[in-house]
Amino acid sequence: MTPFAQLLTSLVFTPSRNAKLRLLMRYFDKAPDPDRGWALAAIAGEMDLRAVQPSVIRGLVEERVDPVLFRLSYDYVGDLAETVSLIWPAEPEGTSVRLSGVVDQLAAASRSETPALLVRLFDQLPPEERFALIKLATGGMRVGVSARLAKTALSEWAGEQGVDAPVERIEELWHGLEPPYVALFQWLSGGGPEPDVDLSLAFRPMMLAHPIDAALYSADELKANAESEEATRARLAERLAPSDFAAEWKWDGIRVQAVATDNGRKIYSRTGEDIGHSFPDLVEAMRWRGCVDGELLVVRDGEVAPFSDLQKRLGRKTVSAKMLRDFPAHIRAYDLLHDGETDLRGRPFAERRTRLEAWASEAEADRLDLSGIVDFAQWDALAEIRAGARAAAQEGLMLKRRDAVYVGGRPIGQWFKWKRDPLTADCVLMYAQRGHGKRSSYYSDYTFGAWRGGEDGPELTPVGKAYSGYTDEELLKLDRWIRNNTTDRFGPVRAVKTELVFEVAFDAVQVSTRHKSGVAMRFPRIKRIRWDKPAHEADRLETLQRMIRD
Amino acid sequence: MVNAKALLELNANGLFCPLGEFYVDPVRPVARAVVTHAHGDHCRPGHEALLGTPHTIEIARTRYGPNGFSKVKEIRYNGNIRLKGVKVRLIPAGHVLGSAQVVIEAKLGGKTVRAIVSGDYKRRFDPTCEPFEPMPCDLFVTEATFGLPVFRHPPTEKEVGKLLASLSAFPERAHAVGVYPLGKCQRLIAELRRAGWDAPIYLHGSLRKLTDLYQRLGVELGETRDATASAKAEMAGQVVLAPASALSDKWARRLPDPLICGASGWMTVRQRAKQRGVELPLIISDHADWDELRQTVEEVDPETLWVTHGAEEALVHWRRSQGYEAAALSIAGRSDEGDA
Numbered sequence: 000m001t002p003f004a005q006l007l008t009s010l011v012f013t014p015s016r017n018a019k020l021r022l023l024m025r026y027f028d029k030a031p032d033p034d035r036g037w038a039l040a041a042i043a044g045e046m047d048l049r050a051v052q053p054s055v056i057r058g059l060v061e062e063r064v065d066p067v068l069f070r071l072s073y074d075y076v077g078d079l080a081e082t083v084s085l086i087w088p089a090e091p092e093g094t095s096v097r098l099s100g101v102v103d104q105l106a107a108a109s110r111s112e113t114p115a116l117l118v119r120l121f122d123q124l125p126p127e128e129r130f131a132l133i134k135l136a137t138g139g140m141r142v143g144v145s146a147r148l149a150k151t152a153l154s155e156w157a158g159e160q161g162v163d164a165p166v167e168r169i170e171e172l173w174h175g176l177e178p179p180y181v182a183l184f185q186w187l188s189g190g191g192p193e194p195d196v197d198l199s200l201a202f203r204p205m206m207l208a209h210p211i212d213a214a215l216y217s218a219d220e221l222k223a224n225a226e227s228e229e230a231t232r233a234r235l236a237e238r239l240a241p242s243d244f245a246a247e248w249k250w251d252g253i254r255v256q257a258v259a260t261d262n263g264r265k266i267y268s269r270t271g272e273d274i275g276h277s278f279p280d281l282v283e284a285m286r287w288r289g290c291v292d293g294e295l296l297v298v299r300d301g302e303v304a305p306f307s308d309l310q311k312r313l314g315r316k317t318v319s320a321k322m323l324r325d326f327p328a329h330i331r332a333y334d335l336l337h338d339g340e341t342d343l344r345g346r347p348f349a350e351r352r353t354r355l356e357a358w359a360s361e362a363e364a365d366r367l368d369l370s371g372i373v374d375f376a377q378w379d380a381l382a383e384i385r386a387g388a389r390a391a392a393q394e395g396l397m398l399k400r401r402d403a404v405y406v407g408g409r410p411i412g413q414w415f416k417w418k419r420d421p422l423t424a425d426c427v428l429m430y431a432q433r434g435h436g437k438r439s440s441y442y443s444d445y446t447f448g449a450w451r452g453g454e455d456g457p458e459l460t461p462v463g464k465a466y467s468g469y470t471d472e473e474l475l476k477l478d479r480w481i482r483n484n485t486t487d488r489f490g491p492v493r494a495v496k497t498e499l500v501f502e503v504a505f506d507a508v509q510v511s512t513r514h515k516s517g518v519a520m521r522f523p524r525i526k527r528i529r530w531d532k533p534a535h536e537a538d539r540l541e542t543l544q545r546m547i548r549d
Numbered sequence: 000m001v002n003a004k005a006l007l008e009l010n011a012n013g014l015f016c017p018l019g020e021f022y023v024d025p026v027r028p029v030a031r032a033v034v035t036h037a038h039g040d041h042c043r044p045g046h047e048a049l050l051g052t053p054h055t056i057e058i059a060r061t062r063y064g065p066n067g068f069s070k071v072k073e074i075r076y077n078g079n080i081r082l083k084g085v086k087v088r089l090i091p092a093g094h095v096l097g098s099a100q101v102v103i104e105a106k107l108g109g110k111t112v113r114a115i116v117s118g119d120y121k122r123r124f125d126p127t128c129e130p131f132e133p134m135p136c137d138l139f140v141t142e143a144t145f146g147l148p149v150f151r152h153p154p155t156e157k158e159v160g161k162l163l164a165s166l167s168a169f170p171e172r173a174h175a176v177g178v179y180p181l182g183k184c185q186r187l188i189a190e191l192r193r194a195g196w197d198a199p200i201y202l203h204g205s206l207r208k209l210t211d212l213y214q215r216l217g218v219e220l221g222e223t224r225d226a227t228a229s230a231k232a233e234m235a236g237q238v239v240l241a242p243a244s245a246l247s248d249k250w251a252r253r254l255p256d257p258l259i260c261g262a263s264g265w266m267t268v269r270q271r272a273k274q275r276g277v278e279l280p281l282i283i284s285d286h287a288d289w290d291e292l293r294q295t296v297e298e299v300d301p302e303t304l305w306v307t308h309g310a311e312e313a314l315v316h317w318r319r320s321q322g323y324e325a326a327a328l329s330i331a332g333r334s335d336e337g338d339a
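Protein chains in written order, with numbering that gives the first Met the number 0: chain A, 0 to 549; chain B, 0 to 339.
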């Protein structure tokens with residue numbers, strides 16, 4: 000339990016992704032089986048233990064500790080698991096308990112036996128390990144590590160052992176593997192073959208696109224915001240043959256992979272997370288056989304609803320009948336990876352598209368339609384079509400090479416996304432906060448506002464927050480400006496004179512009940528710093544409200 | 000009925016001894032101040048007469064200059080002096096170099112009564128100062144910075160070991176520890192030396208004066224260098240000490256890939272440590288933890304316990320539940336979240 004508990008603590012305090020990877024790799028290297036497999040399951044959220052209610056833990060501690068002292072401590076610390084782990088009065092005996100032993104005991108204990116087991120373990124373990132135990136028992140690690148990062152660490156660690164195990168392959172096998180993953184670790188450490196997994200229901204690593212700008216402009220040009228509509232059209236014409244490409248709409252939902260076989264049905268997110276439980280209506284409708292790549296949308300009466308409607312359905316464990324009725328889910332298919340049991344991924348896109356059309360008309364699927372192919376002969380014509388994208392719940396266009404086979408990851412030169420132009424607004428900097436990691440000494444996170452009518456004339460109301468889009472030199476200059484124009488300080492946050500205008504770019508504006516302004520921006524970033532523009536000329540809240548798509 | 004509570008009262012200037020006509024650690028300038036130690040919230044400039052241990056006086060002069068106080072009087076550990084109607088003695092408190100408890104005795108109604116103001120204190124070993132000396136008394140005034148049962152500081156060696164382990168795991172990163180210029184800075188250096196770390200230790204400019212003073216006063220600290228005068232690459236894999244505020248600000252940019260460490264009792268609580276941007280929390284405190292506070296109160300066994308600055312409520316509750324008199328004293332201006 001000690002190495003696992005130390006790993007959790009270090010992960011919590013480590014901001015950098017690379018340092019987290021190193022911590023995970025070192026743990027996988029040192030910890031024995033099956034401990035490391037259980038740790039992996041806990042971090043990746045695959046631990047299948049009956050969760051202990053926090054109230055049970057609370058009850059246990061109140062039997063041991065003066066309730067007044069416990070209450071004062073809990074008020075101070077703010078986290079139940081941490082308070083209990085620190086306040087538990089026993090002096091640990093120093094016997095070492097293995098993580099796998101703890102997991103076995105928790106799994107074997109009945110609901111009525113669990114409290115006594117926890118007390119016994121609390122008495123044996125030092126505070127840091129008590130904390131890990133409570134997190135295990137109550138579920139929910141929250142150590143700032145995604146399942147994807149853990150799998151990346153596995154892949155890199157395997158590389159160090161001389162085993163070629165790309166993270167995409169691990170993700171593909173993942174759903175056929177179970178904790179404590181002994182066969183997986185054997186393979187990754189060079190001590191065994193790749194685990195033999197039935198992949199029919201597994202996640203197929205998704206093929207992703209590059210932004211068209213990244214293909215047409217150099218990194219330096221992009222940094223200097225050199226892209227323009229004219230240059231993009233010219234470079235497209237010069238470098239890519241329109242006849243090599245098919246164009247299709249990029250819809251404003253979430254990319255999913257839906258697979259249905261005789262053995263079951265799954266809906267995976269882009270990262271391979273099974274999200275079927277949030278979309279029982281879709282799972283129910285998947286009476287066809289195959290594997291579809293598409294966009295998950297909320298569609299009412301044939302019309303795609305705004306992204307904010309889809310957001311209401313994401314991440315739910317259970318979905319009410321009202322939710323199902325008000326926000327009906329739908330898949331708009333882009334691609335067919337399996338037609339029944341036939342794997343199509345090795346065939347060119349054009350052939351897969353023909354198969355998709357035939358498959359869909361035969362399947363007569365509910366809640367599924369095809370994303371249309373956009374006909375065009377010349378790039379200029381396509382650019383005109385793209386300009387109309389905003390009105391139609393589309394994020395822009397996808398360009399796919401007709402001869403591209405389907406491979407996981409982001410292969411070069413195959414698929415491009417040509418997003419619609421972002422919306423922009425001029426907003427006034429109101430607050431700045433220091434960043435994290437390398438940016439921890441710089442004011443790099445900015446909250447900005449738009450004008451609205453207040454009781455005493457125009458006032459600024461915050462409309463968004465951004466921490467990207469500027470260059471390193473601009474960051475230095477902003478940092479200096481903020482330090483010289485601070486009007487107030489709240490911990491790590493500074494309020495500044497409302498004098499500096501940002502041109503903010505964003506993909507959309509949504510209605511928000513959580514923000515005072517009533518609006519929320521999607522993917523806001525700083526496009527330009529308008530050192531020249533007087534603050535009173537910045538945009539008004541009404542301008543943003545008009546951008547809300549209904 | 001004779002009562003030690005007659006020896007001390009609280010007014011707007013702080014704790015006052017009416018029979019001796021002096022204050023202990025007053026928060027405003029007064030005629031005569033006896034101070035427990037030289038931290039800014041206990042020893043402020045401007046008193047007409049300042050009384051304290053020789054080391055405390057020395058440190059106060061270094062911090063506030065020769066004109067900080069009109070008159071000073073040194074009282075050696077365990078040397079008695081008479082102030083009006085009471086006898087005053089200073090005994091070690093184990094907090095920082097020169098720190099003392101103020102022992103006040105008087106004969107009231109034919110019986111000698113004793114009150115002790117402990118100031119800040121800790122009970123574990125500190126290579127830079129004299130250890131706390133418990134003395135039985137009738138009225139004990141204790142601090143309670145870490146007066147909650149969640150605070151149980153682990154052994155110092157274990158925490159220093161964490162820093163050394165990180166230095167060997169990340170030899171390309173400067174390990175920058177946020178410290179207070181008086182006490183924590185020098186104690187951490189001394190603890191590192193005790194653990195065998197003999198490389199030069201790099202200091203922020205504001206730590207220099209008091210570190211030099213500690214060495215002049217006989218505390219062995221080995222070689223220290225000024226971080227601002229050192230090459231960036233030279234500090235990779237080395238220990239750099241600076242005030243916490245400098246580490247979250249521009250000053251830290253001179254360090255190679257700094258790994259920010261904290262060294263205080265607050266590091267026990269994850270969220271507190273994270274809020275301060277700390278990547279490696281070290282629980283090293285100059286204050287008594289919950290167990291030490293209770294142990295101390297039981298050892299000096301006062302009829303009355305007064306609890307100041309910190310989590311007074313819990314310690315008062317605990318003492319009362321044992322059947323003794325206890326009360327919280329709120330003295331304005333004491334830092335709750337400063338160096339600890």
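The C-beta atom is built at its ideal place from N, Cα and C for all residues, glycine as well.
- Beta-bridge annotation (DSSP): Val297 (chain A) is paired with A:Ala328.
- In terms of beta-carbon proximity, Gly276 (chain B) lines the interface with chain A, with at least one pair separated by less than 8 angstroms.
- Asp28 (chain A) sits in a helix when the DSSP states are folded into three classes.
- Put simply, the CB of His316 (chain B) is near chain A, with a gap under 8 angstroms to one of its CB atoms.
- One Cα belongs to Val60 (chain A), the other to Ile274 (chain A), and the distance between them is close to 36 angstroms.
- By the criterion of at least three beta-carbon pairs nearer than 8 angstroms, the region 131-146 of chain B is in contact with the region 297-304 of chain B.
- Beta-bridge annotation (DSSP): Ile200 (chain B) is paired with B:Thr223.
- The residues Lys121 and Arg122, in chain order, have a CB closer than 7 angstroms to that of Glu291 (chain B) in the same chain once the five nearest residues on each side in sequence are set aside.
- Straight-line spacing of the CA atoms in Leu355 (chain A) and Lys399 (chain A) works out to 15 angstroms.
- Within chain B, the residues placing a beta-carbon under 8 angstroms from that of Val67 (chain A) are Ala313 and His316, ordered along the chain.
- Distance from the CA of Ser165 (chain B) to the CA of Tyr441 (chain A), rounded to the nearest whole angstrom, comes to 25 angstroms.
- Taken through DSSP and simplified to helix, strand or coil, Asp487 (chain A) comes out as strand.
- When the five nearest sequence neighbours on each side are left out, the beta carbons in the same chain lying within less than 6 angstroms of the beta carbon of Tyr333 (chain A) are those of Asp292, Gly293 and Ser370, in order along the chain.
- Excluding five sequence positions before and after Glu222 (chain B), the CB atoms of its chain that fall closer than 7 angstroms to its own CB belong to Pro199, given in chain order.
- Residues are counted here when their Cβ sits less than 9 angstroms from a Cβ of chain A; for the region 224-253 of chain B these are Leu246, Ser247, Asp248, Lys249, Trp250, Ala251 and Arg252, given in chain order.
- Spatial neighbours of Ala5 (chain B) in its own chain (CB-CB distance under 7 angstroms, excluding positions within 5 residues in sequence) are listed in chain order as Leu107.
- Leaving aside the five residues that flank Asp212 (chain A) on each side, the residues in its chain whose CB is nearer than 8 angstroms to its CB run, in chain order, Leu221, Glu226 and Thr231.
- At a cut-off of 8 angstroms between beta-carbon atoms, Thr13 (chain A) makes contact with chain B.
- Counting of Cβ neighbours within 10 angstroms places Ala11 (chain B) among the exposed residues, the total staying below 16.
- When the five nearest sequence neighbours on each side are left out, the beta carbons in the same chain lying within less than 6 angstroms of the beta carbon of Ala362 (chain A) are those of Trp287, in order along the chain.
- Residue contact check for Asp78 (chain A) against chain B: a CB pair falls below 8 angstroms.
- Straight across, the Cα-Cα distance linking Lys157 (chain B) with Gly138 (chain A) is about 30 angstroms.
- Residues of the region 427-442 of chain A that bring their beta carbon within less than 7 angstroms of a beta carbon in chain B comprise Arg433, Ser439 and Ser440, in sequence order.
- Between Phe12 (chain A) and Ala272 (chain B), the gap from beta carbon to beta carbon is short of 8 angstroms.
- Around the CB of Pro204 (chain A), 16 or more other CB atoms lie within 10 Å, so the residue is classed as buried.
- Per DSSP, reduced to three states, the secondary structure at Asp308 (chain A) is helical.
- At a cut-off of 8 angstroms between beta carbons, Val268 (chain B) contacts chain A.
- Against Ile86 (chain A), the close residues of chain B are Pro148 and Val149, in the order they occur along the chain (beta-carbon pairs closer than 7 angstroms).
- Under the Cβ distance rule, Lys273 (chain B) counts among the residues neighbouring chain A, one pair being separated by less than 8 angstroms.
- At a cut-off of 8 angstroms, the C-beta of Leu71 (chain A) has a neighbouring C-beta in chain B.
- For the set A:Ala201, A:Phe184, A:Ser9 and A:Leu200, the Cα lying nearest the Cα of Pro194 (chain A) is the one of A:Phe184.
- For Ala198 (chain B), there are no C-beta contacts with chain A under 7 angstroms, since the nearest C-beta of that chain is about 23 angstroms from it.
- One thing to note: Tyr430 (chain A) has its Cβ no nearer than 8 angstroms to the Cβ of Ile525 (chain A).
- For the pair Trp250 (chain B) and His316 (chain B), the CB atoms are not nearer than the 8 angstroms cut-off.
- Closest by C-alpha distance to Leu281 (chain A), out of A:Thr270, A:Gly271, A:Arg545 and A:Lys265, is A:Lys265.
- In this model, Gly143 (chain A) and Val277 (chain B) are separated by some 15 angstroms (Cα to Cα).
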